[in-house]
Amino acid sequence: MITAVESKIPTYDKIHLRFKLNGRYYDADGLRTVAYCFIKEGEPHQKRLGDFLQAWLDKNDYVSVQTSGSIGEPKMIKLKKQAMVNSAIATGDAFNLRPGDSLLHCLPFNFIAGRMMLVRAMILGLELDVVPPKITPVFDTTKIYHFGAMIPLQVENLQSKLHHFKALIIGGAAVPHQLLEDIQDIDTKCYSTYGMTETVSHIAYRALNGPDKTDWYKAMPNVKVSVNASDCLVLEADYLFDGTLETNDVAVMRSDNEFKLIGRIDNVINSGGLKLFAEQIEKHLTNGISERFFVAGQADDKLGERLILVIEGEEKAIDDKVYANLQKNEIPKDVYFVDKFVETPNRKIQRKKTLELLK
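Heads up: the sequence shown runs through residues 24 to 382, numbered per this note's numbering.
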């Protein structure tokens, strides 16, 4: 592999001269001062920003990041700083980001998505506005941002203000059916991305609206994608991580760099000899259920597993019309209500732990 020095790729120990944080230019020394001030006197999100800045600017060639649990239990792993730089460059190329472009940062700094927004700005020379990571972010509505990243709930709550963004990546959870419909007639280019902490943020993306809208993810350059015997994605990208990474995501390949996600293998329900993919069934239910929900398998003497529906909130009657787009064997046998789902720190539903509440 060509080293960063040989190919003149930016290195992690350099801050781009065009980088701005909240309207001000900073070099490495200036960022060290800002980090210290944030840690000492900042708001909670600023303290986390300060912690990451200090880690980025120290003498180590790696930073420690907590995984979301996409391919196992959440844990702390070490990511090479240069791999994060390489990822930032790949994103800049994919979304045509140029020095001086503006970004809004409204995600937590605890996880890879939030940290990579800062790395992209420092490496690519972008102007980054950092605001508290609320479900309804408050930002400067006199500006037009070239790029942003949000979770679906933030996008839902900012629908009247999405025209302030030229491009937006939406991740962290599946995009609800209604939200997908709502963004079809806006000028903002919206994308779904695929990736995880272990891949140093996203390694593939697809358009959610506009003329390029598609269900097929396209892998970024220099990312090799395949499936194993279980039809789970296998990833290779030596500029991001070493070796191969076997995921829990079942997919269908259309070409050597295009794939469609079917669901997670650990969410497959084996019912009466049939394999039911939870995520595929959930897609057909999103238009009829406004609350958070998921489907799962429950032990059954005859079927092996019986399909159930779990909804967050107070118990209520479910209209059978909700199941209109499902096959007979995809209709839940039982419906359960849970006051509050068990979540990971970044608000992903922990299905197995939530199911334990039903016992």
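Glycine included, each C-beta is placed from N, C-alpha and C at the ideal position.
- Bridge pairing for E281: K241 and S278 [DSSP].
- For N109, the enclosing alpha helix (DSSP H) stretches over residues K104 to A117.
- Under the three-state reduction of DSSP, T56 is assigned to helix.
- Nearest to C213 by C-alpha distance, out of S224, F282, H187 and K351, is H187.
- Residues I292 and E328 of the same chain have their beta carbon placed closer than 6 Å to that of G320, with the five preceding and five following residues left out of the count.
- Between the segment 253–262 and the segment 123–130, the count of Cβ pairs shorter than 8 Å is below three; the stretches do not touch.
- H200: member of the alpha helix (DSSP H) spanning H200 to D205, first to last residue.
- Under the DSSP assignment, T216 falls in the beta strand (DSSP E) whose first and last residues are K212 to M219.
- Within the same chain, Cβ atoms closer than 8 Å to the Cβ of F61 are found at Q69, K70, L72, G73 and L76, the five residues on either side in sequence being excluded.
- Its Cα nearest to that of D362, the residue L378 stands out among E353, L378, T164 and T159.
- A Cβ-Cβ distance of about 25 Å is found for the pair Y262 and N133, leaving them out of contact under the 8 Å criterion.
- Comparing C-alpha distances from A106 to each of H128, K98, M276 and R143 shows the shortest one belongs to R143.
- When the beta-carbon positions are compared, L381 and Y359 come within less than 8 Å of each other.
- Counted as a single uninterrupted DSSP element, the alpha helix (DSSP H) harbouring Q69 occupies residues P67 to W79.
- Cβ neighbours of Q201 within its own chain (closer than 8 Å, five residues either side excluded): T309 and N310.
- For the pair of segments examined, the segment 154–164 was found to touch the segment 177–194: the number of CB pairs separated by less than 8 Å reaches three.
- Of R55, E302, S87 and N280, the smallest CA-CA separation from R374 is found for E302.
- Per DSSP, R41 is not a residue of any alpha helix (DSSP H), being assigned neither H nor E.
- Counting only the Cα atoms, G137 lies some 11 Å from P155.
- Taking 8 Å as the cut-off, the Cβ atoms of L147 and M140 do not count as close.
- Rounded to whole angstroms, the gap between the alpha carbons of D36 and W79 is 8 Å.
- Between V248 and N271, the CB-CB gap reaches or exceeds 8 Å.
- In the structure shown, the three-state DSSP call for K375 is helix.
- Straight-line spacing of the CA atoms in D84 and K104 works out to 6 Å.
- Taking 8 Å as the cut-off, the Cβ atoms of K184 and H169 do not count as close.
- For the alpha helix (DSSP H) assignment, the uninterrupted runs of no fewer than 4 residues enclosed by the segment 286–352 are, from N- to C-terminal side, 301–306.
- Of the residues N348, N352, A322 and N290, the one whose Cα lies closest to the Cα of L297 is N352.
- Non-local beta-carbon contacts of L332 in its own chain, meaning distances under 6 Å to residues more than five positions away in sequence, involve V318, P355 and V358 in chain order.
- In this model, V153 and R287 are separated by some 33 Å (Cα to Cα).
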